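Residue numbers (this note's numbering): 266 to 540. Heads up, the beta-carbon is just placed ideally off N, CA and C, and yes, glycines get one too. Please read all numbers here as calculations on a predicted model, not as lab measurements. As structure tokens, the structure follows; a few thoughts come after it.
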């Protein structure tokens with residue numbers, strides 16, 4: 266009975282987003298446009314920023330440390346670079362969505378107090394904006410794979426699927442921290458610290474093959490780790506991802522979404538009083 270109730274809550278949430286799709290679209294569009302508003306290059310930064318970031322990481326790990334991917338000492342420097350990029354993309358979607366959601370409701374006082382809207386739209390718009398912003402990085406990744414490795418991927422037809430678990434995970438966490446953040450103003454510092462720890466604990470710059478068995482449990486505790494592997498399978502290795510890993514990632518992400526929704530609904534009645 267309780268499981269059915271929780272499942273219905275998720276279904277109702279997505280139905281409410283669909284019913285409010287025009288408003289959700291406007292919030293998402295406005296958030297994305299404000300990212301680059303007033304800048305000289307405008308949306309060009311959506312390409313330039315990840316490219317510069319990738320250049321710096323590549324210089325450090327490929328040029329300075331002369332790293333190779335996993336145990337494959339014969340892999341090219343560009344292969345290592347693209348593997349890093351494929352790991353950064355899903356992590357950045359998650360990190361950006363969560364970091365920007367902590368103070369979201371506090372910064373949207375007019376919507377919380379005066380305007381009658383479904384507040385769950387606000388975290389969803391942040392996640393969708395981050396997802397749309399990541400599409401520029403994905404395009405660069407695909408172009409880099411074709412140009413430098415000369416191997417177009419048939420597996421790209423599965424790209425929409427591998428986006429699903431990171432979107433669900435980001436959405437659930439965004440709902441959670443946005444609801445808690447309005448009560449706990451120090452949460453912004455805690456979340457920032459945890460995101461930084463998660464960054465280095467995620468297999469972005471290294472292969473999971475290099476992790477000793479006694480520490481592999483840390484990968485299992487990190488919900489982003491299998492998602493990064495899914496991205497690399499589809500975008501770089503050109504192979505079908507593990508269905509078991511995909512289903513497990515979706516299940517974990519759905520659980521996080523359930524938790525986020527439950528906490529948001531439980532706390533929302535006091536939002537206007539504490540803002």
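Check whether the Cβ atoms of residue 366 and residue 388 sit closer than 7 Å, and answer yes or no.
-> yes
Considering only residues of the region 290 to 328, which uninterrupted beta strand (DSSP E) runs meet the minimum length of 3 residues and lie entirely inside it, listed in chain order?
-> none
Can you grab the Cα-Cα spacing for the pair residue 514 / residue 491, in whole Å?
-> 7 Å
What three-state label does DSSP hand residue 503 in the structure shown?
-> coil
Short check: CB of residue 274 to CB of residue 526, under 7 Å?
-> yes
Proximity below 7 Å, CB of residue 319 to CB of residue 350 | A Cβ-Cβ contact shorter than 7 Å links residue 319 with residue 350.
Of all the options 480, 343, 376, which has the alpha carbon lying nearest to the alpha carbon of residue 413?
-> 343
For residue 263, count neighbouring Cβ atoms within 10 angstroms of its own Cβ and tell me buried if that reaches 16, exposed if not.
-> Examination of residue 263 is not possible in this model, given that the chain is present from 266 through 540 alone.
What number of angstroms, rounded off, separates the C-alpha of residue 464 from the C-alpha of residue 356?
-> 8 Å
Roughly how far, in whole angstroms, is the beta-carbon of residue 420 from the beta-carbon of residue 505, given that I think they are within contact range, below 8 Å?
-> 6 Å
Count the other CB atoms within 10 Å of the CB of residue 324; is the residue buried (16 or more) or exposed (fewer)?
-> exposed
For residue 425, which option in 332, 279, 298, 500 has the closest C-alpha, if you only look at C-alpha atoms?
-> Of 332, 279, 298, 500, the residue nearest in Cα terms is 500.
Between the Cα of residue 517 and those of 430, 451, 457, spot the shortest distance and give me the residue it belongs to.
-> 430
How is residue 370 classed by DSSP in three states: helix, strand or coil?
-> Here residue 370 sits in coil by DSSP.
Who are the near neighbours of residue 390 in its chain, counting only those whose CB is closer than 7 Å to its CB and skipping five residues on each side?
-> Excluding sequence neighbours, residue 390 sits near 289, 292, 293, 296.
Starting from the Cα of residue 488, find the closest Cα among 443, 539, 438, 382 and give me that residue.
-> 438
Relative to the C-alpha of residue 353, which residue among 371, 314, 507 is closest?
-> 314
Take residue 456 and list the residues in its own chain whose beta-carbon comes closer than 7 Å to its own, dropping the five residues that flank it on each side.
-> 363, 364, 367, 442
Beta-carbon separation of residue 532 and residue 444 under 7 Å?
-> yes
Quick one: residues in its chain with C-beta nearer than 8 Å to the C-beta of residue 436, no 5 flanking neighbours on either side, listed in chain order?
-> 362, 388, 389, 392, 522, 525
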